[in-house]
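S.K.: Chains as they are written, first to last, in the working numbering: chain Z, 1 to 215; chain C, 1001 to 1215.
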DNA sequence: TAGATTGTTAATCGATTAACAATC
DNA sequence: TAGATTGTTAATCGATTAACAATC
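Written as C-alpha cells, this is what we have:
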C-alpha cells in the first residue's frame, strides 16, 4: 500500500474532539504543576480525565514526541507544547454580564487567569451594584456594554444573568460585535448563525452522571 | 407502560454518548416548554445543541417513533419518553459542600428542581454560615456530613469549595458512603476506583471554544 | 539489567453526514 | 395538493481499545 508523505501536516485545523481533549489535558497539567509535580504519565492524566491513556498518547504523538519512554511527560514542556498547538498563548479579553453570585464566583476563580483569559470588564443593570468592585474589577453600568466591547477589545461575552435577561443581553452583545458568547444561564439563545454560543450546564452533566451510576 | 418491547433491546445499558445527548435534549425541551412551545423539530433542537439533526432523529428513533412527519415532536410527550429512557423520574437527593458564592448560585438555580434533583442538605466549615439559610435550606455544620448522608439518603455529593479543601471534602464524602461526586472546584481529586468523579469546568470549555473561533 | 511507559499499529465500534422515501 | 419533517439507510470518518516493540 502506497503511503502518503511521511510527515502529514499537523498544522491543519484540529477536529473538535482533539481540541476539547487537549484543553482538558491543559487543565490537568496546570493543576498537577500547582501540586508540585514535575512529571506525569498518560495513565495519570487518564485517571483524572476518564480519557483512555492510549488515546492521550495518540493525541500527543500526532504533534511530536513529547514524552520519555519509561518516564512520562515533563509537565512544563508539555504545557508549552499544548499551548502552542491551541494557540492560546496570548491574552484574551472577556466581558462578564451580571455581577450576582454566579458572576462573583466566576470572577474569583483562578482558572481564567491561569489560561490567559482576562476578565476586562463587568456590567450589571442594578444601580446598587454599579461602581462596586468584584475582585479587582469595577462594575460598570449595563448601558456602557457597547463602548466597553470596543474600547477593551472584547472578543467573548459571558452571561451570568437570570434566564429572563439572557436573550436581551445576548442581543446587545451581538450588536456590539461580539461573536463568541458563553451562556451560564439555562436559557436557550437565538443568535445569528455567525455567532457561537456555548451553554455550560452543570445540571445536565449531573443528570447523565446519575443515569450512569444509578443503574 | 404496557408497551411491548421492540425487537432490538433498547433496555440495554445506553452508551455514554447517547446518555449525554439525551440529557441535553431533555434540557432543551424543558426550556422550550417554559417558553410556551408545544412542538419542536429535530432541526430546532440541533440549533440549540449543535448536535446534528440526523443524529437527534436517530437517537430518538432507536427507542420508538416519537415524532410526526411534517410536524415534529410534541414537547410534553418527548419529555416523558426521554425521562423514561434515562430513568430520572424519581427524586435524587444531593448534598452540597460549601455555602459560598458558588454554592449559593447552585442552590438558587431552578435547573436541579426541574430535573428531579433535590438539594437535601448543605454543609460548611465556617461557623458564621452554619444556621443561615440558603434558599430554603439551612446550612449545617461540616461535622454533620456523615450523619446527613445517612439520614437523608444522599447519593451525590457536590463540591463547591476552594481547591485547597476539595480533596479533604471528597475523602469525607467517600467515608460516608457517597459514590458519585460532582466537583466544581479546579482541584484534581484522588478517590477509590469505585467512586465516580465528574469535574465540571467551564473555563476549559471556554478555552477550546476560543481555539475554534479565533482561528 | 529490570521495570516502566511511550509511540504506534491494527481491529473494532460509535458518531457523523448526505440522501431520500414515507407520510403528516 | 404542496410543503415540511420524520425515520432509515449507507458510506465515511473519528474514537476507542488491546497489544507490543522500542527505549528510557
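Backbone N, C-alpha and C fix where the C-beta goes; we use that ideal spot for every residue, glycine too.
#1: Suppose only complete runs of 3+ residues qualify. What are the beta strand (DSSP E) ranges in the region 89-152 of chain Z, listed by chain order?
#2: Measure the alpha-carbon distance for residue 1047 of chain C versus residue 198 of chain Z and round it to whole angstroms.
#3: Using 7 Å as the threshold, is the C-beta distance between residue 1073 of chain C and residue 1067 of chain C below it?
#4: Output, in chain order, the set of chain Z residues within a Cβ distance shorter than 9 Å of residue 1149 of chain C.
#5: For residue 158 of chain Z, which of Z/174, Z/71, Z/143 has the nearest alpha-carbon?
#6: By the DSSP assignment, the alpha helix (DSSP H) with residue 180 of chain Z in it spans what residues?
#7: In three-state terms, what does DSSP make of residue 1 of chain Z?
#8: Leaving out five residues before and five after residue 1075 of chain C in sequence, what residues of the same chain have Cβ atoms less than 7 Å from its Cβ?
#9: Sort out for me which residues DSSP pairs residue 1073 of chain C with in a bridge.
#10: Taking C-beta pairs closer than 9 Å, name the residues in chain Z that residue 1028 of chain C reaches, listed in chain order.
#11: Looking at C-alpha atoms only, which residue of Z/145, Z/103, Z/150 is the closest neighbour of residue 184 of chain Z?
#12: By how many angstroms is the C-alpha of residue 1043 of chain C removed from the C-alpha of residue 1052 of chain C?
#13: So with Cβ pairs under 7 Å, would you call residue 1024 of chain C a contact of chain Z?
#14: Establish whether the CB of residue 137 of chain Z and some CB of chain C are separated by less than 7 Å.
#15: Could you give the DSSP three-state label for residue 204 of chain Z: helix, strand or coil?
#16: Looking at chain Z, which residues of the region 1083-1094 of chain C have a Cβ within less than 7 Å of any of its Cβ atoms?
#17: Given this structure, state the Cα-to-Cα distance separating residue 138 of chain Z from residue 95 of chain Z, to the nearest angstrom.
#18: Taking Cβ positions, are residue 160 of chain Z and residue 186 of chain Z nearer each other than 7 Å?
#19: Can the beta-carbon of residue 1061 of chain C be found closer than 7 Å to that of residue 207 of chain Z?
#20: With the cut-off set at 7 Å, would you say residue 210 of chain Z and residue 1092 of chain C are in Cβ contact?
#21: Would residue 1115 of chain C be called buried (16 or more neighbouring beta carbons within 10 Å of its own) or exposed?
#22: Going by Cα to Cα distance, which pick from C/1132, C/1027, C/1111 is closest to residue 1099 of chain C?
#23: Can you find the residues in the same chain that come closer than 7 Å, C-beta to C-beta, to residue 169 of chain Z, ignoring five residues on each side of it along the sequence?
#24: Quick one: is residue 9 of chain Z near chain C, going by C-beta distance under 7 Å?
#25: Looking at C-alpha atoms only, which residue of C/1063, C/1178, C/1143 is the closest neighbour of residue 1019 of chain C?
#26: What are the boundary residues of the alpha helix (DSSP H) that residue 1054 of chain C is part of?
#27: Just to confirm before moving on: does the CB-CB distance between residue 84 of chain Z and residue 120 of chain Z stay below 7 Å?
#28: Taking the beta carbon of residue 1129 of chain C as the centre, do at least 16 other beta carbons fall within 10 Å, making it buried, or is it exposed?
#29: Could you check how far apart the C-beta atoms of residue 113 of chain Z and residue 1105 of chain C are, in whole angstroms? I think they sit under 8 Å.
#30: In chain order, what residues of the same chain have a beta carbon less than 7 Å from the beta carbon of residue 222 of chain Z, not counting five sequence neighbours either side?
#31: Any C-beta of chain C within less than 9 Å: which residues of the region 162-184 of chain Z qualify?
#32: Using a Cβ-Cβ distance cut-off of 7 Å, determine whether residue 1073 of chain C contacts chain Z.
#33: Are any of the Cβ atoms in chain Z nearer than 7 Å to that of residue 1045 of chain C?
#34: Please tell me whether residue 1204 of chain C has its Cβ less than 7 Å away from any Cβ of chain Z.
#35: So, using beta-carbon positions, are residue 1165 of chain C and residue 1146 of chain C closer together than 7 Å?
#36: Starting from the beta carbon of residue 101 of chain Z, find every residue of chain C whose beta carbon is closer than 8 Å, and list them in chain order.
M.R.: Reading off the structure:
#1: 92-97, 117-124, 137-141
#2: 12 Å
#3: yes
#4: Per Cβ cutoff of 9 Å: no residues; residue 1149 of chain C is ~15 Å from chain Z at best.
#5: Z/174
#6: Looking at the DSSP string, residue 180 of chain Z is not in any alpha helix (DSSP H); the run it does join, the beta strand (DSSP E), is 180-183.
#7: Per-residue confidence for residue 1 of chain Z stands at a pLDDT of 31, beneath the threshold of 50, marking its modelled position as unreliable; the derived number appears in the next sentence. It is coil, neither helix nor strand.
#8: 1029, 1032, 1033, 1037, 1038, 1039, 1040
#9: C/1040, C/1067
#10: 188
#11: Z/103
#12: 8 Å
#13: yes
#14: no
#15: helix
#16: 1086, 1087, 1088, 1092
#17: 12 Å
#18: no
#19: no
#20: yes
#21: buried
#22: C/1132
#23: 97, 159, 161
#24: Note that residue 9 of chain Z scores a pLDDT of 38, beneath 50, so its modelled location is shaky; the value from the coordinates is reported in the next line. Answer no: the Cβ-Cβ gap between residue 9 of chain Z and chain C never drops below 7 Å.
#25: C/1063
#26: 1053-1061
#27: no
#28: buried
#29: Rounded, the Cβ-Cβ distance is 20 Å, inconsistent with contact.
#30: No statement about residue 222 of chain Z is possible, as the shown extent of chain Z runs from 1 to 215 and does not include it.
#31: 163, 179, 180, 182, 184
#32: no
#33: no
#34: yes
#35: no
#36: 1101, 1102, 1104, 1105, 1108
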